[in-house]
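The listed protein sequences correspond, in order, to chains A and B.
When the first sequence is numbered by our numbering, its final residue is 258 and no position is left out of the sequence of numbers.
When the second sequence is numbered by our numbering, its final residue is 306 and no position is left out of the sequence of numbers.
Note that the Cβ used here is the ideal one computed from N, Cα and C, for glycine as well.
Treat the numbers as computed from the prediction; the structure is a model and nothing was measured.
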Amino acid sequence: MNLRSTHLAIIIFVFIFGGIALTSATGYWQTTNTKIPATYKDGEFAGQADPADIRGSYTFGDISNSFDIPLEDLGQAFGVDPERYVTFQCKELESIYASLEEGKEVGTASVRYFVALYKGLPFNLTESIYLPELAVDILKEKASLSEAEILSLEEIAVSLPASDNSLDSSLPEQLEHENVENTSTDTHETTSANTIKGITTFQELLNWGVLKEDIEKILNDKMPNPQKNIKDYAAEKGIEFSGLKESMQELVDTVKS
Amino acid sequence: MSQPVIQQNSVPILKTVKIRKPKTRLYVQLFFFFLVALITLNKALSEIGLSIPYISNGSLHAICPFGGVASLYKFAAVGTFVQKIHESSFVLMVIAFLLAILFGPVICSWVCPFGTFQEWLAKIGRKLFGKRFNHFIPTKVDSVLRYLRYVVLFLVLYLTFTTTKLIFQDVDPYFALFQFWSDEVALSAFIILGVTILLSLVIDRPWCKYACPYGAVLGIFNLFRIFKIRRAPSNCTDCKLCDRSCPMNIPVSSGNAVLNHQCISCLSCTSENSCPMSDAVEFTTKGGK
Ligand code: SF4
Ligand code: SF4
Numbered sequence: 002m003n004l005r006s007t008h009l010a011i012i013i014f015v016f017i018f019g020g021i022a023l024t025s026a027t028g029y030w031q032t033t034n035t036k037i038p039a040t041y042k043d044g045e046f047a048g049q050a051d052p053a054d055i056r057g058s059y060t061f062g063d064i065s066n067s068f069d070i071p072l073e074d075l076g077q078a079f080g081v082d083p084e085r086y087v088t089f090q091c092k093e094l095e096s097i098y099a100s101l102e103e104g105k106e107v108g109t110a111s112v113r114y115f116v117a118l119y120k121g122l123p124f125n126l127t128e129s130i131y132l133p134e135l136a137v138d139i140l141k142e143k144a145s146l147s148e149a150e151i152l153s154l155e156e157i158a159v160s161l162p163a164s165d166n167s168l169d170s171s172l173p174e175q176l177e178h179e180n181v182e183n184t185s186t187d188t189h190e191t192t193s194a195n196t197i198k199g200i201t202t203f204q205e206l207l208n209w210g211v212l213k214e215d216i217e218k219i220l221n222d223k224m225p226n227p228q229k230n231i232k233d234y235a236a237e238k239g240i241e242f243s244g245l246k247e248s249m250q251e252l253v254d255t256v257k258s
Numbered sequence: 018m019s020q021p022v023i024q025q026n027s028v029p030i031l032k033t034v035k036i037r038k039p040k041t042r043l044y045v046q047l048f049f050f051f052l053v054a055l056i057t058l059n060k061a062l063s064e065i066g067l068s069i070p071y072i073s074n075g076s077l078h079a080i081c082p083f084g085g086v087a088s089l090y091k092f093a094a095v096g097t098f099v100q101k102i103h104e105s106s107f108v109l110m111v112i113a114f115l116l117a118i119l120f121g122p123v124i125c126s127w128v129c130p131f132g133t134f135q136e137w138l139a140k141i142g143r144k145l146f147g148k149r150f151n152h153f154i155p156t157k158v159d160s161v162l163r164y165l166r167y168v169v170l171f172l173v174l175y176l177t178f179t180t181t182k183l184i185f186q187d188v189d190p191y192f193a194l195f196q197f198w199s200d201e202v203a204l205s206a207f208i209i210l211g212v213t214i215l216l217s218l219v220i221d222r223p224w225c226k227y228a229c230p231y232g233a234v235l236g237i238f239n240l241f242r243i244f245k246i247r248r249a250p251s252n253c254t255d256c257k258l259c260d261r262s263c264p265m266n267i268p269v270s271s272g273n274a275v276l277n278h279q280c281i282s283c284l285s286c287t288s289e290n291s292c293p294m295s296d297a298v299e300f301t302t303k304g305g306k
């Protein structure tokens with residue numbers, strides 16, 4: 002059989018898109034993670050989920066399911082907004098803990114380590130891993146740790162930065178307005194060049210100097226918990242995020258200029 | 018024993034009418050290049066809450082068949098993929114293997130956007146250096162360097178296996194090209210992209226020839242693929258136009274079938290494209306027609 006360019010082009014399209022269609026129909030075609038960590042292959046813990054396989058895209062909800070850890074413990078340990086416990090992705094930790102002193106980092110590796118200690122699972126420490134103080138407190142209370150382990154945990158404990166990017170929503174309501182005034186002259190670079198993105202929270206708008214009243218005018222409603230991100234708010238209210246984002250961005254730009 | 022006589026100087030009176038070169042491959046390459054560009058753009062947009070309708074927003078890794086290859090060991094051992102790789106990479110890997118068993122590395126010449134990118138740069142190189150383009154490296158050195166990509170392949174597989182991370186991302190110029198705005202791209206990947214761009218101005222497809230681990234995997238299929246580039250000596254005038262047209266510098270005219278691990282099934286050498294004689298170089302099964 003002799004093939005020419007056109008035949009080959011058609012065959013390539015049929016193979017590629019036919020293959021994708023076929024596997025989509027059977028549900029095998031996945032372009033995102035299934036969020037089920039690998040299990041230990043052998044030894045005492047064979048068959049159990051391995052914390053080392055937790056990835057940045059895993060949400061606290063996924064981790065809670067796979068490792069049977071209460072969401073509250075995970076969320077509190079890492080200072081996450083309670084409303085976002087289920088959907089919070091490990092990789093977002095980097096933005097909360099962005100202002101830690103150089104060399105210290107709280108991120109996905111910290112979650113892996115926390116989960117391993119919490120569940121008493123084996124974990125291969127290949128780098129220095131830091132944990133928030135709250136996480137250490139929870140481990141002391143709930144995990145079975147030796148004296149030596151507790152001491153070493155205290156050495157790697159870092160406090161939740163008093164950063165405006167923190168998602169901890171425990172601030173009392175009346176402090177919010179003060180916060181606006183205190184920070185309105187600061188330039189906070191939590192989101193690059195004060196550009197609203199999917200993860201931008203109302204608190205960040207306040208930090209950029211936008212007034213709560215102006216935000217409420219646009220929302221035509223009371224401002225929600227400042228730690229809520231704008232995209233989630235839009236989704237909840239059934240508002241189009243792009244439109245809301247545009248109006249909010251105008252406010253931010255007015256403050257900037 | 019008498020050797021078959023190949024007429025070298027006289028052009029046999031055969032069907033020599035030359036048709037215009039078909040642009041089919043270019044169109045297919047353009048399609049995949051822009052499809053991949055749109056998918057990566059859509060992925061970036063999805064992070065700020067926007068999206069392009071009807072276009073997937075999977076990551077570049079999710080639509081890369083080499084991710085499947087790099088994950089093979091982990092998949093066999095524990096049933097999961099290395100970080101950032103998903104089922105889609107596996108599906109595409111299988112499709113690419115099926116295509117390669119039949120037709121060789123058609124993914125390289127018809128689909129891979131990085132191959133396409135290098136071909137576009139080659140057009141500039143050809144303008145700058147004329148006939149010297151793609152002939153700067155001495156043949157002896159070149160033929161050794163062509164095996165370098167198997168060393169890269171071994172290293173990538175070994176490091177992926179030992180770290181269970183997609184280690185190749187840090188040196189992957191394709192990732193750097195399509196994600197240049199992202200902070201996920203390592204400096205090393207940008208440097209390799211820069212070097213590849215410069216080399217592409219003097220050599221056709223330098224990354225594919227010397228470094229691409231995926232090209233290395235697909236190249237192995239050339240040894241036993243079903244459709245091959247076959248030359249009919251009886252129709253050949255030995256003008257060597259097929260040799261000159263080959264981006265991978267394969268001496269098509271010196272054998273009856275191309276088994277070279279570097280052939281990418283671009284069909285440039287065939288009678289449909291460069292060879293002036295009808296039915297002299299064809300893409301056929303054994304005994305063809
Ligand atoms: S050899 Fe590699 S870079 Fe070149 S076309 Fe093939 S897959 Fe793409
Ligand atoms: S020109 Fe012919 S021999 Fe060279 S890579 Fe293309 S198909 Fe293979």
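| Check | Outcome |
| --- | --- |
| Rounded straight-line distance, which links the Cα of Glu142/A to that of Thr32/A | 39 Å |
| For Thr109/A and Phe61/A, the rounded distance between their alpha carbons | 11 Å |
| Length of the line joining the Cα atoms of Gln90/A and Phe98/B | 19 Å |
| Segment limits, alpha helix (DSSP H) that includes Lys218/A | 213 to 220 |
| 8 Å Cβ cutoff, Glu201/B in contact with chain A | no |
| Chain-ordered neighbours of Gly244/A on chain B, where CB pairs are closer than 9 Å | None at all; the shortest Cβ gap to chain B is about 11 Å. |
| Closer than 7 Å: Met294/B CB and nearest ligand 2 heavy atom | no |
| Ile281/B beta carbon near ligand 3 (any heavy atom closer than 7 Å) | Only ligand 1 and ligand 2 can be found as ligands here, which leaves ligand 3 out of the picture. |
| Enclosing alpha helix (DSSP H) for Arg248/B [first to last residue] | Looking at the DSSP string, Arg248/B is not in any alpha helix (DSSP H); the run it does join, the beta strand (DSSP E), is 245 to 248. |
| Contact set for Gly84/B: own chain, Cβ-Cβ below 6 Å, skip 5 residues either direction | His78, Ile102, Ser106 |
| Close-in-space but distant-in-sequence residues of the same chain around Thr301/B (CB under 6 Å, 5 per side omitted) | Arg247 |
| Distance cut-off 7 Å: Cys286/B Cβ against heavy atoms of ligand 2 | yes |
| Which of helix, strand or coil DSSP assigns to Gln135/B | helix |
| Met110/B beta carbon near ligand 2 (any heavy atom closer than 7 Å) | no |
| Burial state of Pro173/A (16 or more Cβ within 10 Å) | Low per-residue confidence applies at Pro173/A: pLDDT is 35, beneath 50, and the placement is therefore not dependable enough to give any value. |
| Reduced DSSP secondary structure (H/G/I, E/B, other) of Glu289/B | coil |
| Interface flag, Met249/A vs chain B, CB-CB below 8 Å | no |
| Reduced DSSP category for Pro133/A - H, G, I as helix; E, B as strand; rest coil | strand |
| Any non-hydrogen atom of ligand 2 closer than 7 Å to Cys263/B Cβ | yes |
| Ser73/B at chain A interface by Cβ criterion, 8 Å | yes |
| Neighbour-count burial assignment, Pro70/B, 16 or more Cβ in a 10 Å radius | exposed |
| Assigned exposure category for Ala50/A - 16 Cβ within 10 Å defines buried | buried |
| Contacts that Gly20/A makes with chain B (C-beta to C-beta distance below 9 Å) | Val108, Leu109, Val111, Ile112, Leu115 |
| Inter-residue spacing [alpha-carbon to alpha-carbon] between Val161/B and Phe48/B | 34 Å |
| Given 8 Å, three or more beta-carbon pairs between the region 220 to 239 of chain B and the region 161 to 175 of chain B | yes |
| Proximity below 8 Å, CB of Asn221/A to CB of Thr202/A | no |
| Rounded distance between the beta-carbons of Ser67/A and Ile37/A, thought under 8 Å | 6 Å |
| Between the CA atoms of Ser270/B and Asp255/B - distance to the nearest angstrom | 7 Å |
| The beta strand (DSSP E) enclosing Val202/B, as first and last residue numbers | No beta strand (DSSP E) contains Val202/B, which DSSP labels as neither H nor E. |
| Helix, strand or coil at Gln279/B [DSSP, three-state] | coil |
| Alpha-carbon spacing of Ser295/B relative to Ser285/B, whole angstroms | 14 Å |
| Three or more C-beta pairs below 8 Å linking the region 233 to 252 of chain B and the region 120 to 136 of chain B | yes |
| Minimum C-alpha distance to Lys120/A - residue among Tyr131/A, Leu140/A, Glu134/A, Glu106/A | Leu140/A |
| Under 7 Å by beta carbon: chain A residues contacting Ser105/B | Trp30, Gln31, Thr32 |
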